[in-house]
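Heads up: the sequence shown at position 162 corresponds to 162 in UniProt numbering, and the numbers run straight through without jumps.
Take a look at the structure set out below.
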Amino acid sequence: MSKWILAALATALFALAAGFFVSGGLASPANAQTITVYKTPWCGCCTAWIKHLQRDGLEVRVIEREDLAPVRASLNVPDELASCHTASVDGYAIEGHVPASEIRKLLETRPDAAGLSVPGMPMGSPGMETTSPPDAYDVILFSANQQSVFASYVGRFPAEQAVGQ
């Protein structure tokens with residue numbers, strides 16, 4: 001009986017090890033990241049954005065705060081890029097309704113920057129879904145002294161795909 005149990009355990013261990021090596025070992029860096037989201041307790045669109053991130057496979061940790069200004073300041077988010085929630089992931093700030101695909105792109109390309117922002121609360125952006133016509137908006141890559149457009153969207157679609165949507 002004990003030989004049978006040892007054989008079964010050895011087979012299971014071999015299968016587990018084989019699966020680990022065939023799958024490439026550990027999860028990719030973008031999939032393995034936990035994003036920490038700071039939001040106010042009463043914001044529904046922040047909760048909807050968190051669900052968007054979770055649907056995309058990101059692990060989300062939520063911290064509720066009454067005042068997000070100190071969080072933004074600690075992550076070097078310029079006031080003009082502020083929105084209703086702030087997040088941090090792997091040393092980057094994420095401000096506002098940034099699409100999960102752009103967060104993944106940020107983590108894959110690792111630019112020299114402080115983070116990404118979708119300023120304000122554009123209608124149709126992740127977490128701000130609407131039946132009304134969506135807004136066009138930019139995802140801004142920012143650092144201490146520079147800002148540039150990282151991606152452009154119309155609602156949930158990248159701008160180049162939004163024609164005819």
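Every residue, glycine too, gets a C-beta built ideally from N, C-alpha and C.
For residue i, three-class secondary structure by DSSP
i: Ala113; result: coil
i: residue 183; result: It is not possible to answer for residue 183, since the shown part of the chain is limited to 1 through 165.
i: Arg156; result: coil
i: Asp138; result: strand
i: Arg61; result: strand
i: Glu80; result: helix
i: Glu66; result: coil
i: Glu108; result: helix
i: Gln161; result: helix
i: Ala151; result: strand
i: Ala93; result: strand
Span of the beta strand (DSSP E), counted from its first residue to its last, around residue i
i: Val71; result: Careful: Val71 lies outside any beta strand (DSSP E), inside the alpha helix (DSSP H) at 69-74.
i: Ala87; result: 86-89
i: Thr36; result: 34-39
Contact set for residue i: own chain, Cβ-Cβ below 7 Å, skip 5 residues either direction
i: Asn76; result: Ala93, Ala114, Ala144
i: residue 250; result: It is not possible to answer for residue 250, since the shown part of the chain is limited to 1 through 165.
i: Tyr137; result: Val118, Pro122, Ser125, Tyr153
i: Gln161; result: none
Beta-carbon contacts of residue i that lie in its chain and below 8 Å, excluding the five residues immediately before and after
i: Gln33; result: Leu58, Glu59, Val89, Asp90, Leu107
i: Met121; result: Cys45, Ser83, Cys84, Gly96, His97, Met128
i: Arg156; result: Pro99, Gly124, Ser125, Pro126, Glu129, Pro134
i: Val139; result: Val98, Pro99, Glu102, Leu116, Ser117, Val118, Val149, Phe150, Ala151, Ser152, Tyr153
Same chain only: Cβ atoms within 6 Å of residue i, ignoring 5 sequence neighbours per side
i: Ser148; result: Leu141
i: Asp79; result: none
i: Val62; result: Val37
i: Ala48; result: Gly127
Nearest-angstrom Cβ-Cβ length linking residue i and residue j, presumed shorter than 8 Å
i: Thr40; j: Arg65; result: 7 Å
i: Val37; j: Ala87; result: 4 Å
Segment limits, alpha helix (DSSP H) that includes residue i
i: Trp49; result: 44-55
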